[in-house]
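Some notes on the structure that comes next.
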Amino acid sequence: MADLKPCPFCGNAEDIEMQEVQADHYIQCLECEASTSCVGSRPEARELWNRRAAARADGGVDKQLRTAGTLLSNIAFNLAQDERLPEEIRAAIDFARRGWDTAVRADGEG
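Take 4 as the starting number for the sequence shown in this note's numbering and just add one per residue.
In structure tokens:
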């Protein structure tokens, strides 16, 4: 949909769709399957998808967010190596970890 921003997780701008479940609506990236929560209308879903965290004046990632993300990235790295978990779960964890690491590098501070 032309009025939707690219996926904030994988950057996909092509395969993003409005989904409907009974009377609720949500938007989903068909590449990484990220989605909004269900809301009552199409405009609400669109607004929720296009909303981004407020940028700092210098455009950087907030220090607390960076610290939490780095901690979670380290935990995810260890979980992705745990052979007791099914391969699909390990792959999904690693995908999310790599997405965070890529976002931090793009921010210019990592």
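C-beta atoms are modelled at their ideal positions from N, C-alpha and C, and glycine is treated no differently. None of the values given here were measured: they were computed from a predicted structure.
Between the beta-carbon of residue 18 and the beta-carbon of residue 41, is there less than 8 Å? no
Going by C-alpha to C-alpha distance, which of 15, 37, 36, 44 sits closest to residue 24? 44
Looking only at C-alpha atoms, which of 22, 54, 27, 100 sits nearest to residue 10? 54
Measure the beta-carbon distance from residue 72 to residue 13 and round it to whole angstroms, keeping in mind my assumption that it falls under 8 Å. Their Cβ separation, rounded to whole angstroms, is 16 Å, which puts residue 72 and residue 13 out of contact at 8 Å.
Using the beta-carbon count (16 or more within 10 Å), is residue 70 buried or exposed? exposed
Alpha carbon to alpha carbon, what distance is there between residue 52 and residue 95? 22 Å
Return the residue from the list 30, 35, 38, 37 that minimises the CA-CA distance to residue 46. 30
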